[in-house]
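Q:
In our numbering, the protein residues as written are 4 to 157.
1. Alpha carbon to alpha carbon, how far is residue 65 from residue 32?
2. Within this structure, are the beta carbons of residue 77 and residue 102 separated by less than 9 Å?
3. Taking 7 Å as the limit between beta carbons, can you name the residues of its chain near residue 44, skipping five residues before and five after?
4. Whose C-beta lies closer than 6 Å to the C-beta of residue 142 among residues of the same chain, with five residues either side of it excluded?
5. Buried or exposed: residue 146, going by 16 or more other Cβ atoms within 10 Å of its Cβ?
6. Let me know the secondary structure DSSP gives residue 59 once reduced to three states.
7. At 4 residues or longer, and completely inside the segment 83-136: list those alpha helix (DSSP H) runs for me, N to C.
8. Identify the residues that DSSP records as bridge partners of residue 44: which are they?
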């Protein structure tokens, strides 16, 4: 019976890593939440149609994920090794973040950055965020809707 209050995170912004990119596709995930290559490939192909400036990244504990992918884009995946404040600043440099259902997804939601949440093995009703600047992908991409969402922010 408690009233829902969206998460919010406040911090002092000190720009350490400046990005000239519009979209961040964060690939970091664990276990069954790791995105399969065909889903990642579809998302990347659509991003490339919309904007040429995007980043692919993950955290240092998720570097093994790169070995799961064989597409040429894997060579562009950056490993970002920052503390919580630094990663919040890094995410804030982007106009939109695409991310699997992981801890960092909740950080992006708390920062109120336009967010594409990618669910492959989680309870969407329990963990997904809703709102004008939130979008959910459930195992497959509705290209038209996804494109319209991304175009709003880049």
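No residue lacks a Cβ here, since even glycine has one placed at the ideal position from N, Cα and C.
Computed from a prediction, not measured in an experiment: that's the story for all the values here.
A: Taking the coordinates as given:
1. Looking at the two C-alpha atoms, the distance is approximately 7 Å.
2. Inclusion of residue 77 and residue 102 in the CB contact set at 9 Å is not warranted, their separation being larger than that value.
3. Here residue 44 has 74 as same chain residues with Cβ atoms under 7 Å from its own Cβ, once five neighbours each way along the sequence are excluded.
4. Only 123 meet the Cβ criterion.
5. Around the beta carbon of residue 146, a 10 Å sphere encloses fewer than 16 other beta carbons of the protein chains shown; the residue is thus reported as exposed.
6. Three-state result, residue 59: strand.
7. Taking only runs of at least 4 residues, the alpha helix (DSSP H) segments lying wholly in the segment 83-136 are 87-95, 106-113 and 127-130.
8. In the DSSP output, where bridge partners are listed per residue, residue 44 has none listed.
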